[in-house]
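Line by line, the protein sequences give chains A and B. So the first sequence is numbered by this note's numbering: it starts at 319 and just counts up by one. So the second sequence is numbered by this note's numbering: it starts at 319 and just counts up by one. In this text, a Cβ means the ideal position worked out from N, Cα and C, and glycines have one as well. Bear in mind the structure is a predicted one, so any value in this text is a computation, not a measurement. Working notes, structure below.
Protein chains: 2
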Amino acid sequence: MFQLFHIEINSQQSLQSQLRMQMIDAINSGAIPLNIKLPSSRQLAKQLKLSRNTVVLVYQSLLSDSYLISKERSGMYVNPEIGAALGDRPKPAKALKTNFKNKFVGQAQVTSDTSSPDNWHQFKYPFIDGRFDESLFPTKQWQQACNLANGQKGRKHWFSETSDDDPQLVEQIKTQILPRRGIFADADEILITMGSQQSLQLICELLIHPGSRVGFEEPGFVEMRRLFERKGANIHYQNLDEEGILVDSELAENELVYVTPSHQTPTAITMSMQRRQQLLAQAEQFDQLIIEDDFEFESNFLGAPHPSLRSLDQHNRVIYCSCLSKVLSSGLQLGFIVAAKEIIDELRRLRQMLSRHPSRFSQRAISHFIELGHYQSFMLKTHKIFYERWLTLREALNIYLPAAIHTAPIEGGTAFWVMGPEQLDGEYLRAEAAKLGILIEPVKRYFAKNEYPSNCFRLGVAAINQQDIQAGVALLAKLIGDLSDSKSISQAKGVLLNNASLKNYLEGAVVECQMVYGIPCQIEFKSDGTLIGHTYGKGNENESDVGRWWIKDNKLYRRWQLWSYGETGRFYVVADNHSLSWFDENHRFVRDLIKLPGPNQPLSTGIKINSKLVLVD
Amino acid sequence: MFQLFHIEINSQQSLQSQLRMQMIDAINSGAIPLNIKLPSSRQLAKQLKLSRNTVVLVYQSLLSDSYLISKERSGMYVNPEIGAALGDRPKPAKALKTNFKNKFVGQAQVTSDTSSPDNWHQFKYPFIDGRFDESLFPTKQWQQACNLANGQKGRKHWFSETSDDDPQLVEQIKTQILPRRGIFADADEILITMGSQQSLQLICELLIHPGSRVGFEEPGFVEMRRLFERKGANIHYQNLDEEGILVDSELAENELVYVTPSHQTPTAITMSMQRRQQLLAQAEQFDQLIIEDDFEFESNFLGAPHPSLRSLDQHNRVIYCSCLSKVLSSGLQLGFIVAAKEIIDELRRLRQMLSRHPSRFSQRAISHFIELGHYQSFMLKTHKIFYERWLTLREALNIYLPAAIHTAPIEGGTAFWVMGPEQLDGEYLRAEAAKLGILIEPVKRYFAKNEYPSNCFRLGVAAINQQDIQAGVALLAKLIGDLSDSKSISQAKGVLLNNASLKNYLEGAVVECQMVYGIPCQIEFKSDGTLIGHTYGKGNENESDVGRWWIKDNKLYRRWQLWSYGETGRFYVVADNHSLSWFDENHRFVRDLIKLPGPNQPLSTGIKINSKLVLVD
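See below:
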């Protein structure tokens with residue numbers, strides 16, 4: 319039997335621990351018979367090519383753990399108490415004859431499609447959200463926190479059978495996490511949960527009964543909608559604009575409003591400050607409660623993050639739910655709720671009734687993780703990584719899909735909500751993209767109503783490598799072009815400019831275009847070949863860049879220092895008075911621009927386009 | 319500011335880690351201003367009496383974690399990005415003017431009393447269940463399991479966002495835990511949960527709707543009853559006898575039956591094999607499902623544990639719930655359900671909808687804990703500890719309260735269900751006992767109906783030290799005697815035996831009495847002064863002992879080798895033909911016995927008792 323043991327010298331696990339586990343496995347499986355004397359430590363050491371000391375220590379540990387017993391003058395044997403507990407496998411149970419289905423009165427509603435397949439790792443360009451590479455996890459730091467939690471001091475708390483939370487964790491959340499969202503809470507205004515979804519479940523259990531009128535974002539967080547539906551809520555689906563959920567008389571009719579203000583799920587729109595104030599005022603006027611789901615406050619990339627609703631709330635009407643970083647969530651599962659003490663008291667009793675408290679070991683280890691500063695530095699690190707990916711993706715969309723898509727002017731989040739050309743079928747695109755190794759996210763699941771914009775899809779940065787983003791978007795852009803029948807130069811209205819007319823038309827001109835995320839951009843073509851560009855959106859996040867432009871082979875060449883990754887672009891230009899369009903070398907439409915009124919002459923020379931393209935210098 | 323740092327040389331934590339945490343705390347709290355240069359490592363080391371290397375390493379770690387920034391030719395400063403995130407504390411939110419209560423439509427039902435107070439640690443004799451001393455926790459072994467889970471191989475699984483469980487943990491439960499209950503299941507027949515209570519909640523969610531007919535033990539597990547009530551079930555409360563829940567036509571009318579066969583909650587009665595078969599047959603005949611809650615299968619002390627219902631179930635009608643040892647539960651929170659694949663599939667979807675999956679780190683660490691053999695040896699160790707306490711408590715009840723109480727003939731569990739004298743008020747006893755440092759458990763909470771036996775209470779062995787059990791029961795017995803007006807010798811019927819009549823009456827006699835747990839016991843008084851005793855209950859767990867008996871000062875003296883802790887007992891004996899009663903030195907009633915027919919003479923000499931006791935030699 320012992321010949322089958324396989325001890326790896328270079329394993330992560332010690333030789334002792336490997337031998338121990340294999341011995342236990344053999345004992346439990348009955349592979350070592352009860353009445354057979356074990357080989358002596360000397361014999362076994364020789365056989366397995368281990369030091370005798372290793373075998374002696376393993377034998378001793380198995381003796382003291384009652385796996386083995388020692389018989390005087392005879393040797394070591396498997397403890398029959400262990401061996402006896404495992405019987406033979408009886409015949410498998412017969413299947414039930416009746417139909418289980420008629421007994422399932424409370425099945426979970428099934429959401430037809432998921433955001434991404436479980437084998438996403440196998441795709442080269444996973445533009446998805448909510449999935450992460452395990453290399454992001456701060457293993458060493460977490461290990462240190464576990465060690466501290468296992469220390470003498472930590473353990474006492476584990477055995478408390480009260481419904482209270484770990485006071486040290488509450489203190490850390492209160493002083494290290496909440497102030498970053500502008501929230502200052504007392505300990506009895508905080509409840510720890512087994513993750514965001516449990517937070518939402520508990521709130522539903524407390525506040526929703528059949529017919530409760532609930533205001534809900536459309537599109538919105540489908541997992542929350544399912545909880546409301548399960549409790550029989552009367553859900554009012556409220557539309558969004560670029561400032562977030564619409565606050566109007568229809569919303570006012572609800573008892574409870576669920577919102578995701580930091581980055582709306584799924585569109586990533588950040589609720590404006592004005593909208594926040596309107597929402598809070600309405601809640602006070604119409605005696606509403608608000609659930610603020612702040613599940614990813616770490617990803618505010620542009621500008622200062624708006625203060626949370628809870629921090630602005632002067633009337634204790636906001637129930638704030640958040641969790642550890644999404645990156646840690648799947649592994650560690652910890653959420654928290656901040657609300658009025660009266661509400662927290664009730665939620666605590668419900669938690670105790672439905673599932674008891676979250677694991678006390680986890681609570682203490684996470685508390686140390688925060689206290690050691692590891693959480694904060696982890697947040698800074700992932701913020702940086704996601705920010706870089708986010709900017710890269712935004713730029714790539716701008717370069718490769720400037721005319722084909724629109725995104726909302728968002729300030730953060732880990733995903734873009736993309737509106738493609740009207741005739742695009744997002745689901746078909748998703749299927750075709752997957753064949754090329756590109757994953758994009760479906761959006762139908764977020765809509766409660768039957769109509770939904772089928773030309774929309776989502777692109778996330780949580781899982782994709784920074785260096786693959788540009789190539790992935792380029793590939794996706796080509797596919798969208800193929801699928802959506804994009805305008806070719808032969809269909810363009812106006813004249814195709816040649817070397818001479820290009821120079822005449824552009825020298826000294828200022829043209830304007832729209833970024834895909836809705837921000838206008840002006841570009842000045844100086845006669846010395848300098849290019850000056852700047853954006854001028856609503857916020858204070860305007861950017862500018864300089865570059866060079868020149869004309870060659872009847873094409874416009876341009877290279878920015880930073881924009882478009884500093885790469886050279888080449889475009890055919892078709893002009894129709896003040897409107898101009900750029901086309902790529904394959905004569906495919908790239909983007910429309912407008913020439914601002916200025917000193918230049920209106921177009922005089924060039925090639926009139928009819929059905930066939932003719933270039934004349 | 320740094321003068322306030324307090325570094326302990328002999329702390330469990332390293333100097334580095336202490337300094338780091340205090341620095342972070344100071345940075346986060348704003349105690350170190352943004353524009354002030356930090357002291358050099360040399361200065362700070364001198365000030366805090368640390369080696370310079372310690373300070374350098376801490377500065378470096380804070381730099382790389384972005385807590386500090388380094389300005390060239392100037393020194394180190396707090397990173398303004400960190401400092402800026404924490405604002406001043408705004409004015410506390412105003413309380414809501416309206417009454418929250420009208421919004422709480424789904425409050426948890428409050429169970430009026432708990433089994434034991436949170437300060438149970440402060441009582442010398444905590445005869446309670448479900449609370450444990452933290453010294454029982456296998457810290458080193460758990461630490462080892464955490465280390466393995468944090469290893470490279472373990473981490474990959476944490477990031478899976480599927481609803482699947484950790485396959486390694488499922489495998490360990492399947493091969494190492496379930497076979498000890500006779501259960502052999504496929505992986506898709508097992509679901510991991512965040513503890514037993516969540517298991518029960520999920521099952522309720524799936525199977526119960528308003529009006530569902532549910533059979534439930536009376537008395538029974540109150541936390542389960544609350545879940546049924548919350549879902550609007552029509553609960554039928556079914557009485558128990560000494561074999562467990564009664565299986566009759568009333569039970570047959572339910573769609574679902576919830577039972578705790580291993581050790582019934584709260585009476586600890588083990589369901590007999592015959593009753594198990596009846597219950598399963600009824601389920602098949604009347605198309606019922608059975609929830610088998612096996613929350614403490616580790617504490618089967620006497621005889622071989624009966625096979626679980628699930629293992630006997632040939633028709634897939636049993637949904638089996640269990641968890642890690644109760645001792646580990648509060649700290650680690652992990653449960654599991656075994657049932658037909660169809661049921662597990664539905665429960666998995668519900669779990670995903672209501673709370674997502676249990677923490678993957680915990681799943682992996684627990685899987686290693688089992689695989690390393692630590693779980694099994696932990697179970698053996700706690701089994702031994704609880705078994706010793708349980709036997710000691712049983713013996714103490716037998717010695718100190720032989721006439722005052724009854725317990726069911728139970729085979730295990732960590733608590734005794736005690737019936738006191740009829741006129742005893744268990745709640746009053748509990749209050750009075752607490753004043754003496756004794757905690758006993760109330761029983762009212764386990765009864766759904768209004769009437770309940772107010773002379774009952776529970777005594778547990780989970781928390782009390784082995785060496786305090788005897789003294790605690792002695793103290794409790796005295797209190798029960800005081801409260802329940804126990805019979806004094808002056809009220810006894812018969813004659814009080816003196817030296818001569820004792821000898822005549824007892825020499826060669828065989829007398830019989832009942833143990834408090836309902837098992838009969840025979841004692842033979844040999845004429846050579848030897849005492850021979852043996853019990854003869856239903857099972858094969860009969861015990862025997864030998865001892866000495868003698869007569870002195872008109873009292874019977876006896877000392878067993880093992881029974882009654884081998885201590886000498888002294889009793890006055892009052893005999894009325896074949897009935898005899900023992901009284902203690904304070905003339906208080908101890909127990910009744912019966913003299914079996916034999917060669918001895920019927921009683922002829924002695925003192926007739928009237929109102930006043932007179933002893934004559």
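Excluding sequence positions up to five away, which residues of its chain have a Cβ less than 7 Å from the Cβ of B/Thr432?
-> Position 114 of the second sequence, counted from the first residue, corresponds to residue 432 of chain B. Answer for B/Thr432: no residue qualifies.
Residue range of the beta strand (DSSP E) that B/Leu509 falls in?
-> If you number the second sequence from 1, residue 509 of chain B lands on position 191. Here the beta strand (DSSP E) through B/Leu509 covers Ile508 to Thr511.
Using three-state DSSP, classify B/Ser517 as helix, strand or coil.
-> Within the second sequence, the letter at position 199 stands for residue 517 of chain B. In the structure shown, B/Ser517 sits in a helix (DSSP, three-state: H, G or I).
Beta strand (DSSP E) segments (min. 3 residues) lying fully within the stretch 817 to 876 of chain A | As far as the stretch 817 to 876 of chain A is concerned, its whole beta strand (DSSP E) runs of at least 3 residues are 828 to 832, 838 to 843, 848 to 853 and 862 to 870.
By Cβ distance, which residues of its chain are closer than 7 Å to B/Leu545, with the 5 residues on each side in sequence left out?
-> Along the second sequence, one-based indexing puts residue 545 of chain B at 227. Answer for B/Leu545: Leu518, Gln519 and Cys522, listed in chain order.
Please determine, among B/Ile354, B/Lys367, B/Tyr385 and B/Ile327, the residue with the shortest C-alpha to C-alpha distance to A/Leu971.
-> Outside the modelled stretch of chain A, which goes from 319 to 935, sits residue 971 of chain A, for which no answer is possible.
Cβ atoms of A/Arg594 and A/Pro584: under 8 Å apart, would you say?
-> Locating residue 584 of chain A in the first sequence gives position 266, counting from the first residue. Locating residue 594 of chain A in the first sequence gives position 276, counting from the first residue. No. Outside cutoff.
What are the partner residues of B/Val891, as DSSP defines its beta bridges?
-> As a position in the second sequence, residue 891 of chain B is number 573, starting the count at 1. Beta-bridge pairing by DSSP links B/Val891 to B/Trp900.
B/Val779, DSSP secondary structure in three states = For the purposes of this step, residue 779 of chain B is identified with residue 461 of the second sequence, where counting begins at 1. The three-state secondary structure of B/Val779, taken from DSSP, is coil.
Inter-residue CB distance, B/Ala714 and B/Val791 (contact presumed, cutoff 8 Å) | Walking along the second sequence from the start, residue 714 of chain B turns up at place 396. Walking along the second sequence from the start, residue 791 of chain B turns up at place 473. That pair is a contact at about 4 Å.
Roughly how many angstroms separate the alpha carbons of B/His701 and A/Asp483, rounded to a whole number?
-> Start at 1 with the first residue of the second sequence, and residue 701 of chain B comes out as number 383. Start at 1 with the first residue of the first sequence, and residue 483 of chain A comes out as number 165. In a straight line, the C-alpha of B/His701 is about 29 Å away from that of A/Asp483.
Kindly say whether A/Gly405, judged by its beta-carbon, lies nearer than 8 Å to any beta-carbon of chain B.
-> For the purposes of this step, residue 405 of chain A is taken as residue 87 along the first sequence, with counting starting at 1. With a pLDDT of 48 at A/Gly405, under the threshold of 50, the predicted position of this residue should be treated as unreliable, though the coordinate-derived value follows. Taking Cβ atoms only, chain B reaches closer than 8 Å to A/Gly405, which makes this a yes.
Can you tell me which of the three DSSP states A/Ile259 falls into?
-> Only positions 319 to 935 of chain A appear in this structure, which leaves residue 259 of chain A out of reach.
Host beta strand (DSSP E) of A/Trp438 (start-end) = Position 120 of the first sequence, counted from the first residue, corresponds to residue 438 of chain A. Unbroken run through A/Trp438: none, as it is neither H nor E.
Measuring CB to CB, does A/Arg678 end up less than 8 Å from A/Trp476?
-> To locate residue 678 of chain A, count along the first sequence from 1; it is residue 360. To locate residue 476 of chain A, count along the first sequence from 1; it is residue 158. Yes, Cβ-Cβ distance for A/Arg678 and A/Trp476 is below 8 Å.
By Cβ distance below 6 Å, which residues in the same chain neighbour A/Val829 in space, the five residues on each side in sequence not counted?
-> Translated into the one-based positions of the first sequence, residue 829 of chain A becomes position 511. Cβ contact annotation for A/Val829 (same chain, cutoff 6 Å, sequence separation greater than five): Ile841, Leu911 and Lys913, in chain order.
Please check if any C-beta of chain B sits within less than 8 Å of the C-beta of A/Val864.
-> By 1-based counting over the first sequence, the position of residue 864 of chain A is 546. False, the Cβ-Cβ gap to chain B never drops below 8 Å.
Contact belief for A/Tyr576 with A/Gly533 at Cβ below 8 Å, rounded distance in angstroms | For the purposes of this step, residue 576 of chain A is taken as the residue at position 258 of the first sequence. For the purposes of this step, residue 533 of chain A is taken as the residue at position 215 of the first sequence. The Cβ separation is near 7 Å, so the contact holds.
Going along the chain, which residues of its own chain have a beta-carbon closer than 8 Å to the beta-carbon of B/Ser392, five neighbours each way excluded?
-> Counting from one through the second sequence, the residue named residue 392 of chain B turns up at place 74. Cβ within range, chain order: Lys355.
Taking the runs of the beta strand (DSSP E) that are 3 residues or longer, which of them lie wholly in the stretch 699 to 754 of chain A?
-> Those beta strand (DSSP E) runs which fall completely within the stretch 699 to 754 of chain A and span 3+ residues are 733 to 737.
Could you pull out every residue in the same chain whose Cβ sits closer than 8 Å to the Cβ of A/Ser802, ignoring the five residues on either side in sequence?
-> Taking the first sequence and counting its residues from 1, the one referred to as residue 802 of chain A is at position 484. Same-chain partners within the cutoff: Ala722, Gly738, Pro739, Gln741 and Leu742.
Using a C-beta cutoff of 8 Å, does A/Tyr385 count as contacting chain B?
-> The sequence position of residue 385 of chain A within the first sequence is 67, counting from 1. Contact with chain B is found for A/Tyr385, since one of that chain's Cβ atoms lies less than 8 Å from the residue's Cβ.
Inter-residue CB distance, B/Lys870 and B/Tyr890 (contact presumed, cutoff 8 Å) = Position 552 of the second sequence, counting from 1, holds the residue named residue 870 of chain B. Position 572 of the second sequence, counting from 1, holds the residue named residue 890 of chain B. In this structure B/Lys870 is not in contact with B/Tyr890, their Cβ atoms being roughly 12 Å apart against a cut-off of 8 Å.
CB contact below 8 Å: B/Thr853 versus chain A = Locating residue 853 of chain B in the second sequence gives position 535, counting from the first residue. B/Thr853 does not count as touching chain A.
Residues in its own chain within less than 6 Å of A/Leu672 by CB, not counting five upstream and five downstream?
-> Numbered from its first residue, the first sequence carries residue 672 of chain A at position 354. Cβ neighbours of A/Leu672 beyond the five flanking positions: none.
Segment limits, alpha helix (DSSP H) that includes B/Lys913 = For the purposes of this step, residue 913 of chain B is taken as residue 595 along the second sequence, with counting starting at 1. Taken as a continuous stretch (DSSP letters only), B/Lys913 belongs to no alpha helix (DSSP H), being part of the beta strand (DSSP E) at Phe907 to Lys913.
Which first and last residues belong to the alpha helix (DSSP H) in which A/His554 is found?
-> For the purposes of this step, residue 554 of chain A is taken as the residue at position 236 of the first sequence. Careful: A/His554 lies outside any alpha helix (DSSP H), inside the beta strand (DSSP E) at Asn552 to Asp559.
Name the chain B residues whose beta carbon is nearer than 9 Å to that of A/Trp708?
-> For this step, residue 708 of chain A is matched to residue 390 along the first sequence. What A/Trp708 touches in chain B: nothing, since even the nearest Cβ is about 17 Å away.
Run down chain A in chain order and give the residues with a C-beta less than 9 Å from the C-beta of B/Phe679.
-> Numbered from 1 along the second sequence, position 361 holds the residue referred to as residue 679 of chain B. Trp460, Cys464, Gly649, Leu650, Gln651, Ser680 and Ala683, listed in chain order.
Since A/Glu523 meets chain B, which of its residues come closer than 8 Å, beta carbon to beta carbon?
-> Start at 1 with the first residue of the first sequence, and residue 523 of chain A comes out as number 205. For A/Glu523, the C-beta contacts it makes with chain B under 8 Å involve Gly424, in order along the chain.
Own chain, CB closer than 8 Å to A/Trp878, minus 5 neighbours either side, in chain order | Translated into the one-based positions of the first sequence, residue 878 of chain A becomes position 560. Spatial neighbours of A/Trp878 in its own chain (CB-CB distance under 8 Å, excluding positions within 5 residues in sequence) are listed in chain order as Leu849, Gly851, Asp863, Val864, Gly865 and Gly884.
B/His324 burial status per 10 Å Cβ neighbour count (16 or more: buried) = As a first step, residue 324 of chain B is located in the second sequence; it is residue number 6 there, counting from the start. Under this definition B/His324 is an exposed residue.
For B/Glu903 and B/Trp460, the rounded distance between their alpha carbons | Taking the second sequence and counting its residues from 1, the one referred to as residue 460 of chain B is at position 142. Taking the second sequence and counting its residues from 1, the one referred to as residue 903 of chain B is at position 585. Going by the C-alpha atoms only, they are around 52 Å apart.
B/Lys389, DSSP secondary structure in three states | On the second sequence, position 71 is the one that residue 389 of chain B refers to. For B/Lys389, the three-state secondary structure derived from DSSP is strand.
With a cut-off of 8 Å on the beta carbons, I'd call A/Glu326 and A/Gln336 a contact; round off their distance for me.
-> Your numbering for residue 326 of chain A matches position 8 in the first sequence. Your numbering for residue 336 of chain A matches position 18 in the first sequence. The C-beta distance from A/Glu326 to A/Gln336 rounds to 7 Å, short enough to meet the 8 Å contact threshold.
Buried or exposed (CB count within 10 angstroms, at least 16 for buried), A/Glu573 = Here residue 573 of chain A refers to the residue found at position 255 when the first sequence is read from its first residue. Per the 10 Å Cβ criterion, buried.
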